[in-house]
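113 is the number of the first residue of the sequence shown in this note's numbering; add one for each residue after it.
By construction, the Cβ of each residue, glycine as well, lies at the ideal position given by its N, Cα and C atoms.
Nothing here was measured: the structure is a model prediction, and the numbers come from that model.
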Amino acid sequence: MMRTALAEPLDSSVPLSDLSSGSSRLPAIPKRMSVVITIDAEIAPHTSDWQRDCGRFAADRDLYGITELGERGLRYQLDVIERHGLRAVIFLEALSAGVLGLDLLAEVVGLVQDRGHEVGLHVHTEWLSYYKRALLGDCYGRNMSDFSEDDQVRLIDRGLENLSRAGAGPIAALRAGNAGASTATLRAARRSGIAIDSSYFAPHLNGVCRLPSDPEISHPVCLEGIIEVPITWFRDGLNRIRPAQLCACSSGEFEHILNDAWRRGWRVVTLLLHSFELVRRRSPEHPQEVMRVHEHRLLELCRMLASNRDKFASATLGELDQKTIVGDVVPGCLRSPLGRTIRRYCEQAAGRLW
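This is how it looks when you write it as structure tokens:
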């Protein structure tokens, strides 16, 4: 089985007990904060008619976002990101290659790497039930956390092997599908030579995401011998947890939390979108529609990052300095005011008509 070079074990210098979300201690303002844009690119077996054409329609819909107005999927998103001088980490779902074959995965790996972006490993275990030859015997599950640590090692190794056979270079980071990770996932990733996990999704804590939740993690920490880089989250004006995700965060909220994190001295913020997040997905009989509100958010986010290079540095997970992103900073909890929350609700209402 293909494995990356084994990552060195890390000792956490940020005990979880010290990560109180109520801390008010603010470090000196840094020169620049790393901003990591991550895109989950996937085909899900339960949401597409992939058996009819080996996933080609699903790829056009979910990966490339083909609409009557042109593409709004991965290629388009990378166009926008590159136009503003930014880079991204693309988490590619790799277990699907055991069902659909390697051609589609190789196509997307080439697209990402040829344009200078980073490939990460994304694992959706829903594909296992469609394997002609069972990978884990009679063990099946919707999430990585449904499996034993040893079985998760096998899942990660198979994903790494598929990515390698599809032409991918060394893989630095893992993200579990559905954010369905546990501490066993982190130990399995460590055993498979992966140095970074980015499955921590605060809105799903104590649900499908079984990573530590007391207190919530908001900044990179060392867990189970690897670095956990959480998807950034904040509390909105109604005190609800919101992820820094394109479909969940208005342009104003993005700007507010990025500036707030920078002022607090955060080392890194991690943003999330999916390859299909700019379209309303449809069946083969109905054309897809562009989600104009989400498209506008992506454009505004990239413009804001590009025009504030004195504060924000576009980065990928693999190039982060693992010795400095985990430090003694107590980042606290990002918050967005009620007015921005209300504006998001208005945006979403308008998006149903626009």
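Task: For Trp-469: DSSP bridge partner residues - done: Nothing about residue 469 can be reported from this structure: the residues present for the chain run from 113 to 466 only.
Open item on the list: Strictly by DSSP, which residues pair up with Pro-382?
Closed with: In the sequence shown, the residue the question calls residue 382 occupies position 270. Reading the sequence as shown, one finds Thr at residue 382 and not Pro. Its beta-bridge partners are Val-148.
- [ ] Go ahead and label Ser-136 buried or exposed: buried means 16 or more other beta carbons lie within 10 angstroms of its beta carbon, across all protein chains shown.
- [x] For this step, residue 136 is matched to residue 24 along the sequence shown. With a pLDDT of 48 at Ser-136, under the threshold of 50, the modelled position of that residue is not reliable, and no figure is offered here.
Task: Cβ-based burial, His-229 [other Cβ within 10 Å; buried from 16] - done: If you number the sequence shown from 1, residue 229 lands on position 117. So His-229 counts as buried.
Task: Three-state secondary structure (DSSP) of Phe-424 - done: For this step, residue 424 is matched to residue 312 along the sequence shown. Strand at Phe-424.
Open item on the list: As a quick exercise: from Pro-157, Ala-206, Arg-447, pick the residue whose alpha carbon is nearest that of Arg-347.
Closed with: Looking up residue 347 in the sequence shown gives position 235. Of Pro-157, Ala-206, Arg-447, the residue nearest in Cα terms is Arg-447.
Task: Residues near Ala-461 by beta carbon distance below 8 Å, same chain, minus five either side - done: Stepping through the sequence shown from its first residue, residue 461 is reached at position 349. Nothing listed; no residue qualifies.
TODO: Mind checking which residues open and close the alpha helix (DSSP H) that includes Val-405?
DONE: On the sequence shown, residue 405 is found 293 positions in, with the first residue counted as 1. Val-405 -> alpha helix (DSSP H) spans 404 to 418.
Task: Per-residue DSSP class, three states only, for Ile-193 - done: Counting from one through the sequence shown, the residue named residue 193 turns up at place 81. It is helical.
TODO: Answer with yes or no whether the minimum CB distance from Asn-351 to chain D is below 8 Å.
DONE: Reference to chain D is not applicable here, since this structure consists of a single protein chain.
- [ ] Rank Ile-329, Leu-317, Leu-335, Ala-291 by C-alpha distance to the C-alpha of Ile-308 and give the top, closest one.
- [x] By 1-based counting over the sequence shown, the position of residue 308 is 196. Closest by alpha carbon: Leu-335.
Task: Ile-338 - partner residues in DSSP beta bridges - done: By one-based count along the sequence shown, residue 338 stands at place 226. According to DSSP, Ile-338 bridges with Leu-335.
TODO: Would you mind reading off the limits of the beta strand (DSSP E) that contains Gly-285?
DONE: By 1-based counting over the sequence shown, the position of residue 285 is 173. The identity of residue 285 in the sequence shown is Ala, whereas the question assumes Gly. Residues 285 to 288.
Open item on the list: Excluding the 5 residues flanking Gly-134 on each side, which residues of the same chain have their C-beta closer than 6 Å to its C-beta?
Closed with: In the sequence shown, residue 134 corresponds to position 22, counting from 1. Its pLDDT being 45, under 50, Gly-134 is placed unreliably by the model, and the measurement read from it follows with that caveat. Within the same chain, Gly-134 has no close Cβ partners at all.
Open item on the list: Under DSSP, the beta strand (DSSP E) around Ala-200 begins and ends at which residues?
Closed with: Working through the sequence shown from its first residue, we reach residue 200 at position 88. Note, Ala-200: beta strand (DSSP E), 200 to 205.
TODO: Could you tell me the boundaries of the beta strand (DSSP E) in which Gly-232 lies?
DONE: On the sequence shown, position 120 is the one that residue 232 refers to. Start and end: 230 to 235.
- [ ] Take the Cβ of Lys-423 as the centre, count every other Cβ of all protein chains shown within 10 Å, and call the residue buried at 16 or more, exposed below.
- [x] Position 311 of the sequence shown, counted from the start, is the residue given in the question as residue 423. With 16 or more other Cβ atoms within 10 Å, it is buried.
Open item on the list: Measuring only the C-alpha atoms, how far is Ala-314 from Gly-182?
Closed with: By one-based count along the sequence shown, residue 314 stands at place 202. By one-based count along the sequence shown, residue 182 stands at place 70. One C-alpha to the other measures close to 34 Å.
Task: Simplified DSSP assignment, three categories, for Ser-208 - done: Along the sequence shown, read from residue 1 onward, the residue named residue 208 stands at position 96. Coil at Ser-208, not helix or strand.
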